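Participant: After the structure tokens below, expect a handful of questions from me.
Structure representation (structure tokens):
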């Protein structure tokens, strides 16, 4: 080796060996003006993007910032070691990133994971978490975390845009502070609500854009629920009395389901204020057994209703009713408009007959025949309700008899 090179190389080696460790570390910085950043209050976030790390990257320094947004941040394991280098972080978002595992830092206030390829999210079974808001969006078929019970302060949980097909709420049992659960856009076909479920403060349940064909059983276990959104599922037949027991329910959204509605038993929702049945393909609706004394807003926009049978006399002008986009009989619509306040969502044009600016059919309809048929339908429904009660009683008696017979067989 040339003597000319030995001196400079030796000098570089010596300087490298005595350099402060901080100078050799990789200091991650916040992007000044990130593109396509839709977070609320973008200026308050530190965005770190386009980073590839080794799992053993110990010489990494994160900015001292309470809100960190990792985008296209790729590491095999976002470990406790790395996370505790984010000493000031309270709110952490991970987007469009790839990780084998992600450890949930116990001191976080909110955590959001979206559109990322993460095989496992780890909630430490031995740690006490301060997390209040947790969102898992677009992780598709990846296993959901275990140990939700450690999230004792959790108030909002969002698991949206995944491919779950089946969700058992048992894994959330004991989250006594949970107020909002969002399971929208998850392709859920079955939602299981266990008998012993204890989520006493759950106020809002969002189940829109799933594949539910019927209401979950044990829905009344969610007795403090105030908002239930079932928009755009596959529910075809709905027995309204299945909502009984939700005595605190204020908002019910059934829009986007091709519904046939039945009421074999009276439905009593004392706190319900807002009911939406938009675009449900309704051709008839009988409200004979509906008791909703607090209802203030009722929307049946974009159906095929000619009339609503037994529109409750208890409804007053305080109720805002949205009837546009149907095939109303003028006589029936006039009777309704005399009771409630009609709200025109889209003003109807080019029709011969109108009631409250809504097109209706004022032609040669035999309304006496309609009334007669209405009465017959009422009678049939009443008979059906009695038959339903008798069937329930008979079934209960049969269960007792079968139980006695089984005991005798066992004794022999």
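Numbering (mature numbering (1 follows the signal peptide of the UniProt record, and there is no 0)), first residue to last: -25 to -1, 1 to 387.
Ideal Cβ placement from N, Cα and C applies to all residues, glycine included.
Note that the coordinates shown come from a computational prediction; the quantities given were computed from them, not determined experimentally.
Excluding five sequence neighbours on each side, which residues of the same chain lie with their C-beta closer than 8 angstroms to the C-beta of residue 103?
Facilitator: Within the same chain, residue 103 has close Cβ partners 81, 125, 127.
Participant: Alpha carbon to alpha carbon, how far is residue 149 from residue 246?
Facilitator: Distance between the alpha carbons of residue 149 and residue 246 is about 26 angstroms.
Participant: Around the C-beta of residue 221, are 16 or more other C-beta atoms found within 10 angstroms, so that it is buried, or is it exposed?
Facilitator: Counting Cβ neighbours within 10 Å, residue 221 comes out buried, since at least 16 surround it.
Participant: Along the chain, where does the alpha helix (DSSP H) that runs through residue 312 open and close?
Facilitator: Segment 305 to 312, the alpha helix (DSSP H) holding residue 312.
Participant: Does DSSP put residue 151 in a helix, in a strand, or in coil?
Facilitator: Residue 151 falls in the coil class under three-state DSSP.
Participant: Any idea which residues DSSP pairs residue 219 with across the strands?
Facilitator: Residue 219 pairs with nothing; no bridge assigned.
Participant: Checking the sheet assignment: what are the DSSP bridge partners for residue 280?
Facilitator: Partner(s): none; residue 280 has no beta bridge.
Participant: Based on the DSSP secondary-structure assignment, which residues constitute the bridge partners of residue 49?
Facilitator: The partner list for residue 49 (beta bridge, DSSP) reads 27, 73.
Participant: Over what stretch of residues does the alpha helix (DSSP H) that includes residue 56 continue unbroken?
Facilitator: Its alpha helix (DSSP H) spans residues 55 to 58.
Participant: Sort 186, 144, 122, 231 by Cα distance to residue 194 and report the nearest one.
Facilitator: Comparing Cα positions, the closest option is 144.
Participant: So within the stretch 149 to 208, which uninterrupted beta strand (DSSP E) runs reach at least 3 residues, ignoring any that extend past its ends?
Facilitator: Those beta strand (DSSP E) runs which fall completely within the stretch 149 to 208 and span 3+ residues are 155 to 157, 165 to 167, 179 to 181, 202 to 204.
Participant: Cβ of residue 251 within 9 angstroms of Cβ of residue 228?
Facilitator: A contact, by the Cβ cut-off of 9 angstroms.
Participant: When you compare only the Cα positions, how much space is there between residue 2 and residue 36?
Facilitator: If I take the Cα positions, the gap works out to 5 angstroms.
Participant: Figure out for me which residue from 325, 174, 289 has the closest Cα to the Cα of residue 263.
Facilitator: Ranking the options by Cα distance to residue 263, first place goes to 289.
Participant: Between which two residues does the beta strand (DSSP E) holding residue 235 run?
Facilitator: Where residue 235 is concerned, the enclosing beta strand (DSSP E) stretches over 235 to 237.
Participant: Is the beta carbon of residue 72 less than 9 angstroms from the beta carbon of residue 93?
Facilitator: Yes, the pair counts as a contact, with Cβ atoms nearer than the cut-off.
Participant: Pop quiz: residue 303 and residue 336 are said to be a contact at Cβ under 8 angstroms. What is the actual Cβ separation, rounded to whole angstroms?
Facilitator: Contact holds; Cβ gap of about 7 angstroms.
Participant: Which residues in the same chain as residue 231 place their Cβ atom closer than 6 angstroms to its Cβ, once the five residues preceding and following it in sequence are excluded?
Facilitator: Taken in chain order, the residues that qualify are 206, 207, 254.
Participant: Straight-line CA distance for residue 184 to residue 158?
Facilitator: Residue 184 and residue 158: Cα-Cα distance of roughly 9 angstroms.
Participant: Can you tell which of 40, 16, 5 has its C-alpha closest to the C-alpha of residue 25?
Facilitator: The shortest C-alpha separation from residue 25 is found at 5.
Participant: If you reduce the DSSP assignment to three classes, tell me which class residue 272 lands in.
Facilitator: It is a strand residue.
Participant: Residues in its own chain within less than 8 angstroms of residue 201 by CB, not counting five upstream and five downstream?
Facilitator: Once the five neighbours on either side are set aside, the close Cβ partners of residue 201 are 178, 179, 223, 224, 225, 226, 246.
Participant: Considering only the alpha carbon of each residue, which of 191, 42, 285 lies closest to residue 85?
Facilitator: Ranking the options by Cα distance to residue 85, first place goes to 42.
Participant: With a 10 Å radius around its C-beta and 16 neighbouring C-beta atoms as the bar for buried, classify residue 371 as buried or exposed.
Facilitator: So residue 371 counts as exposed.
Participant: Enumerate in chain order the residues of its own chain whose CB-to-CB distance from residue 311 is below 6 angstroms, with the five nearest sequence positions on each side excluded.
Facilitator: These residues qualify, in order along the chain: 286.
Participant: Going by beta-carbon coordinates alone, are residue 181 and residue 147 separated by less than 9 angstroms?
Facilitator: Not closer than 9 angstroms, so no.
Participant: Identify, in the order they occur along the chain, each residue of the same chain with its Cβ nearer than 8 angstroms to the Cβ of residue 280, setting aside the five sequence neighbours on each side.
Facilitator: Around residue 280: 257, 258, 259, 260, 298, 301, 302, 303.
Participant: In whole angstroms, give me the CA-to-CA distance for residue 292 and residue 315.
Facilitator: For residue 292 and residue 315, the distance between alpha carbons rounds to 4 angstroms.
Participant: Do you know how far the Cα of residue 44 is from the Cα of residue 20?
Facilitator: Taking the straight line from one Cα to the other gives about 7 angstroms.
Participant: Roughly how many angstroms separate the alpha carbons of residue 397 and residue 305, rounded to a whole number?
Facilitator: What the structure shows of the chain is the stretch from -25 to 387, and residue 397 is not part of that stretch, so it cannot be assessed.
Participant: Excluding sequence positions up to five away, which residues of its chain have a Cβ less than 7 angstroms from the Cβ of residue 114?
Facilitator: So the qualifying residues of the chain are 88, 91, 93, 137.
Participant: Return helix, strand or coil for residue 325, following the three-state DSSP convention.
Facilitator: The answer is coil: DSSP assigns residue 325 none of H, G, I, E or B.
Participant: Can you give me the C-alpha to C-alpha distance between residue 164 and residue 7, rounded to a whole angstrom?
Facilitator: Cα-Cα distance, rounded: 44 angstroms.
Participant: What three-state label does DSSP hand residue 98 in the structure shown?
Facilitator: Reduced to three states, the DSSP call for residue 98 is coil.
Participant: With distances taken from CA atoms, which of 131, 141, 151 is nearest residue 118?
Facilitator: Per the Cα distances, 141.
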